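Chemist: Let me begin by handing over the structure; questions about it come next.
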Amino acid sequence: MPPGLDNLKHIVVLMMENRSFDHMLGSLKAVDARIDGLTGNESNPDTTGAAVKVAPLAEFQSQLDPDPDHHFPAVDLQIFGGDASPNRSANMQGFVKSYFNQQHDVKHSGKIMYYFPKEKLPVLTTLATEFAVFNGWFSSIPGPTICNRAFAHYGTSFGQVSMDFFYVKEPYKSVYERLIAANPARTAKIYYYDQSSSTMEIVNLLQHQPQLFGTYDQFLADCKKGTLPDYCFVEPNYNDHDGDEGALVASDQHPDHNVQAGELFIASVYNAIKQNATLWQSTALLIVYDEHGGIYDHVPPPACTPDGFVASGSDTGTGAEFKFDRLGVRVPAILVSPWVPKGTVVSGRIFEHASIPATATKFFLGNYDQRSPREKAADTFLDLLSLSTMRTDAPDFDV
Amino acid sequence: MTLIHVPRPPKNAFYKDRPVSSLLKNQIRHLQEAEFNLIKTEGQAAEFIRRVTAKLHPEGARPQVVRRRKAQPGRVKEIAAAASRKVRVSGGRKSKAASKTRGKRAASKSNRNSKKRKL
């Protein structure tokens with residue numbers, strides 16, 4: 006076993022909101038051709054038939070307003086360009102058309118093709134180039150937040166493709182429940198930002214096992230004291246609200262929230278781990294986005310192992326049923342650890358959010374059979390901690 | 024080690040009056056479902072109903088009227104006696120705030136009386 010895995014004691018997952026890979030990291034192709042970003046020639050037709058090219062004009066806020074549609078029917082249009090035929094193939098040509106549908110403004114609809122130049126996102130692009138960036142991490146469902154986050158917690162959404170309630174169906178349990186029930190017991194926690202922001206895992210765990218939750222202040226304290234659980238899932242601040250020390254700006258990066266506030270939050274999570282030397286050498290931090298938020302990405306989502314559930318045509322909103330046999334749009338994903346070689350680009354492998362419980366379960370529990378077909382088939386990522394000597398050149402952020 | 028500067032968002036990034044997003048609306052819907060499951064008793068149901076109704080129809084709030092009943096001589100004595108028994112039984116320490124208030128009241132009464140006397 007590589008020394009990085011021998012030393013590994015904690016896996017921390019930070020899941021942000023609603024940005025595609027190309028939108029956040031597409032500019033990095035110019036820095037490193039191995040990164041599957043943008044050449045600058047990618048385009049989508051607008052509703053007049055004119056080609057709208059990608060452009061490095063993304064702004065931190067007030068640009069993607071209204072929030073681009075990312076519910077199942079809209080994402081279907083984005084991926085297939087409006088082709089509803091049985092033998093259709095994903096062409097990623099419907100993003101501008103989809104955004105046009107929201108306010109019928111041709112000029113505004115082209116903004117869905119904008120991406121950030123790397124200089125505007127110093128935290129995310131630095132971490133991507135310093136550690137491991139995934140060329141093929143896809144959201145689990147071509148749909149919205151709640152069902153995609155469910156895959157990160159449970160390895161399945163129990164048949165949901167929407168923001169509706171989902172209820173746990175036996176025999177599948179959340180990764181947290183698996184870990185705390187193990188013998189010997191493991192520790193696991195979901196840290197939400199604060200009570201005004203709360204969690205996006207609501208109906209099941211927060212109701213029935215509130216002991217699995219903590220706040221971001223507790224995460225920071227646990228990092229400092231060295232009392233972080235084995236497995237942690239961190240949630241950003243989902244809304245603007247007043248805190249004890251003044252205004253708290255939403256840090257989830259969900260449009261139309263400020264992207265810089267999210268950069269600060271990512272840096273603060275990284276710093277909290279890195280500033281405790283013992284924790285830093287024994288922790289792998291995965292930074293990932295729940296879904297693409299309706300924003301352009303050029304890589305067609307691949308087919309995947311069916312999940313055993315079927316969403317009906319009325320549930321999907323397209324009239325066609327969905328067998329959970331295709332992934333959603335690609336999202337940014339970065340693995341941070343001093344045991345990951347600098348400049349790692351993970352290519353030729355497919356990951357999705359079911360890879361998260363799959364990785365934590367494999368590492369902390371070993372064999373565990375009661376998992377969804379999707380989770381069983383999901384690739385895991387801890388092999389990327391492959392260095393024989395720990396790196397000492399990791400960057401710091403002035404947060 | 025490299026130190027990377029992280030720019031701060033501008034002050035106007037904070038905007039509480041932004042229309043609520045579909046994500047937050049759905050989060051609220053899920054929390055309402057969870058809150059619904061927390062209501063187990065009629066008292067909890069009444070409190071939930073009062074809170075939501077007060078937001079929807081604030082005019083329906085019960086006016087703060089102090090009712091005065093005609094004193095029933097025998098009953099007043101009984102209540103007073105029961106109250107004094109209760110105080111003796113509990114025997115707890117009076118809070119500093121309560122003592123201070125009572126002290127102030129006593130002092131102010133005494134001043135008023137002394138002013139009256141002077142007049």
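As given, the protein sequences belong to chains A and B, one line each in that order. Following this note's numbering, the numbering of the first sequence begins with 6 at its first residue and continues without gaps. Following this note's numbering, the numbering of the second sequence begins with 24 at its first residue and continues without gaps. We treat Cβ as the ideally placed atom computed from N, Cα and C, and that holds for glycine. As the structure is a computational prediction, the values presented were derived from the model and not from experiment.
1) List the whole-angstrom C-beta distance separating A/Val80 from A/Gly333, where the pair is believed to meet the contact cut-off of C-beta under 8 Å.
2) Please confirm whether any heavy atom of the ligand SAH lies closer than 8 Å to the CB of A/Asp74.
3) One question on the structure: do A/Ala382 and A/Thr310 come within less than 9 Å of each other, judged by their Cβ atoms?
4) Looking at the secondary structure, which residues open and close the alpha helix (DSSP H) in which A/Tyr221 lies?
5) Show which residues of chain B have a CB atom less than 7 Å away from the CB atom of A/Ile146.
6) If B/Gln50 sits next to A/Ile207, beta carbons under 8 Å apart, how far is it from one beta carbon to the other, in whole angstroms?
7) Can you find the residues in the same chain that come closer than 7 Å, C-beta to C-beta, to A/Gln107, ignoring five residues on each side of it along the sequence?
8) A/Asp384 to B/Gly83, Cα distance in whole Å?
9) Using DSSP bridges, identify the partner residues of A/Arg60.
10) Three-state secondary structure (DSSP) at A/Lys328?
11) Quick one: complete alpha helix (DSSP H) runs, 4+ long, within the stretch 190 to 259 of chain A?
12) Would you tell me roughly how many angstroms separate the C-alpha atoms of A/Ser144 and A/Ser360, rounded to the nearest one?
13) Would you please state the rounded distance, in angstroms, between the beta carbons of A/Phe369 and A/Asn276? I believe it to be under 8 Å.
14) Any beta-carbon of chain A closer than 9 Å to the one on B/Pro81?
15) Considering only the beta carbon of each residue, do A/Ala136 and A/Lys347 sit closer than 9 Å?
16) Only counting the same chain, and skipping five residues up and downstream in sequence, which positions put a Cβ closer than 8 Å to that of B/Ser118?
17) Taking a cut of 7 Å between CB atoms, which residues from the stretch 55 to 80 of chain B lie near chain A?
18) Would you kindly work out how many angstroms separate the C-alpha atoms of A/Glu22 and A/His259, rounded to a whole number?
19) Where does A/Arg396 sit, in a helix, a strand or coil, going by DSSP?
20) Using a Cβ-Cβ distance cut-off of 9 Å, determine whether A/Tyr243 contacts chain B.
21) From which residue to which residue does the beta strand (DSSP E) around A/Val336 run?
22) Just to confirm, is the Cβ distance from A/Val431 to A/Ile117 under 9 Å?
23) Any residues in the stretch 37 to 66 of chain A with a beta carbon nearer than 9 Å to a beta carbon of chain B? Which ones, in chain order?
24) Helix or strand or just coil, what does DSSP make of A/Leu19?
25) Less than 9 Å between CB atoms is the rule here; does B/Lys132 satisfy it with respect to chain A?
26) Applying the 10 Å Cβ sphere with the 16-neighbour rule, what's the burial state of A/Ala363?
27) In whole angstroms, what separates the C-alpha of B/Ala36 from that of A/Val336?
28) Tell me which same chain residues have a C-beta within less than 6 Å of the C-beta of A/Arg93, skipping the five on either side of it?
29) Mind listing the chain B neighbours of A/Pro127? Cutoff is C-beta to C-beta under 9 Å, in chain order.
30) Reducing DSSP to helix, strand and coil, say where B/Ala120 ends up.
31) Using CA atoms only, rank isn't needed, just tell me which of A/Ala35, A/Gly54, A/Ser67, A/Phe156 is closest to B/Pro42.
32) Return the CA-CA distance between A/Gln138 and A/Glu47, expressed in angstroms with no decimal places.
33) Determine, using beta carbons only, whether B/Ala36 comes closer than 9 Å to chain A.
34) Any chance the stretch 38 to 47 of chain A sits against the stretch 256 to 273 of chain A, with 3 or more Cβ pairs inside 8 Å?
35) Is the Cβ of A/Asp398 closer than 9 Å to any Cβ of chain B?
36) Take A/Gly313 and list the residues in its own chain whose beta-carbon comes closer than 7 Å to its own, dropping the five residues that flank it on each side.
Modeler: According to the data block:
1) Start at 1 with the first residue of the first sequence, and residue 80 of chain A comes out as number 75. Start at 1 with the first residue of the first sequence, and residue 333 of chain A comes out as number 328. The distance from the Cβ of A/Val80 to that of A/Gly333 is about 7 Å, consistent with a contact at the 8 Å cut-off.
2) Absence of the ligand SAH from the depicted structure is noted, as is the absence of any ligand whatsoever, leaving it without description.
3) Locating residue 382 of chain A in the first sequence gives position 377, counting from the first residue. Locating residue 310 of chain A in the first sequence gives position 305, counting from the first residue. Yes, they are a contact pair.
4) Position 216 of the first sequence holds residue 221 of chain A. From DSSP, the alpha helix (DSSP H) with A/Tyr221 extends over 221 to 230.
5) Indexing the first sequence from 1 puts residue 146 of chain A at position 141. Ordered by position in chain B, no residue passes the 7 Å Cβ test against A/Ile146, which lies about 15 Å from the chain.
6) Looking up residue 50 of chain B in the second sequence gives position 27. Looking up residue 207 of chain A in the first sequence gives position 202. B/Gln50 to A/Ile207, Cβ: 7 Å. Contact.
7) Walking along the first sequence from the start, residue 107 of chain A turns up at place 102. Hits under 7 Å: Pro71, Asp74.
8) Within the first sequence, numbered from 1, the residue matching residue 384 of chain A stands at position 379. Within the second sequence, numbered from 1, the residue matching residue 83 of chain B stands at position 60. Roughly 59 Å separates the two Cα atoms.
9) Along the first sequence, one-based indexing puts residue 60 of chain A at 55. According to the sequence shown, residue 60 of chain A is Ala rather than Arg. Answer is A/Tyr119.
10) The sequence position of residue 328 of chain A within the first sequence is 323, counting from 1. It is coil, neither helix nor strand.
11) If we require 4 residues or more, the alpha helix (DSSP H) runs fully inside the stretch 190 to 259 of chain A come out as 210 to 213, 221 to 230.
12) On the first sequence, position 139 is the one that residue 144 of chain A refers to. On the first sequence, position 355 is the one that residue 360 of chain A refers to. Near 11 Å, if we compare the C-alpha coordinates of A/Ser360 and A/Ser144.
13) In the first sequence, residue 369 of chain A corresponds to position 364, counting from 1. In the first sequence, residue 276 of chain A corresponds to position 271, counting from 1. Actually they do not touch by this definition, with Cβ atoms about 25 Å apart.
14) Position 58 of the second sequence holds residue 81 of chain B. Not one chain A Cβ lies under 9 Å of B/Pro81.
15) Along the first sequence, read from residue 1 onward, the residue named residue 136 of chain A stands at position 131. Along the first sequence, read from residue 1 onward, the residue named residue 347 of chain A stands at position 342. The question names Ala, but residue 136 of chain A is Phe in the sequence shown. In terms of Cβ geometry, A/Phe136 and A/Lys347 form a close pair [threshold 9 Å].
16) Within the second sequence, the letter at position 95 stands for residue 118 of chain B. Since pLDDT at B/Ser118 reaches only 43, below the 50 mark, its modelled position is unreliable, and no value is offered.
17) Correct list: Glu56, Ala57, Asn60.
18) Numbered from 1 along the first sequence, position 17 holds the residue referred to as residue 22 of chain A. Numbered from 1 along the first sequence, position 254 holds the residue referred to as residue 259 of chain A. Their backbone Cα atoms lie some 5 Å apart in a straight line.
19) Here residue 396 of chain A refers to the residue found at position 391 of the first sequence. Coil at A/Arg396, not helix or strand.
20) Walking along the first sequence from the start, residue 243 of chain A turns up at place 238. Output row for A/Tyr243: interface = yes.
21) Within the first sequence, residue 336 of chain A is the residue found at index 331, counting from 1. In this chain, A/Val336 is not harboured by any beta strand (DSSP E), its DSSP state being neither H nor E.
22) There is no way to answer for residue 431 of chain A, as the model of chain A reaches only from 6 to 404.
23) Closer than 9 Å at the C-beta level to chain B, one finds these residues of the stretch 37 to 66 of chain A: Phe65, Gln66.
24) As a position in the first sequence, residue 19 of chain A is number 14, starting the count at 1. In the structure shown, A/Leu19 sits in a strand (DSSP, three-state: E or B).
25) Position 109 of the second sequence, counted from the start, is the residue given in the question as residue 132 of chain B. A caution first: B/Lys132 carries a pLDDT of 48, below 50, which makes its placement in the model too unreliable to give a value.
26) Start at 1 with the first residue of the first sequence, and residue 363 of chain A comes out as number 358. Buried: at least 16 other Cβ atoms inside 10 Å.
27) The residue labelled residue 36 of chain B in the question sits at position 13 within the second sequence. The residue labelled residue 336 of chain A in the question sits at position 331 within the first sequence. Cα-Cα distance, rounded: 24 Å.
28) Counted from its first residue, the first sequence places residue 93 of chain A at position 88. Phe85, listed in sequence order.
29) The residue given as residue 127 of chain A occupies position 122 in the first sequence. Ordered by position in chain B, the residues that pass the 9 Å Cβ test against A/Pro127 are Ile27, His28, Val29, Pro30.
30) If you number the second sequence from 1, residue 120 of chain B lands on position 97. The predicted position of B/Ala120 is uncertain, since its pLDDT is 44 and thus under 50; no value can be drawn from it.
31) Numbered from its first residue, the second sequence carries residue 42 of chain B at position 19. In terms of Cα proximity to B/Pro42, the closest of A/Ala35, A/Gly54, A/Ser67, A/Phe156 is A/Ser67.
32) Locating residue 138 of chain A in the first sequence gives position 133, where the first residue counts as 1. Locating residue 47 of chain A in the first sequence gives position 42, where the first residue counts as 1. For the record, residue 138 of chain A in the displayed sequence is Val; it is not Gln. About 21 Å.
33) Locating residue 36 of chain B in the second sequence gives position 13, counting from the first residue. Judged by the 9 Å Cβ criterion, B/Ala36 is in contact with chain A.
34) Contact fails: fewer than three Cβ-Cβ distances are below 8 Å.
35) As a working note, residue 398 of chain A is residue 393 in the first sequence. It does: the Cβ of A/Asp398 has a partner Cβ on chain B nearer than 9 Å.
36) Position 308 of the first sequence holds residue 313 of chain A. The answer, listed in chain order, is Ser377, Pro378.
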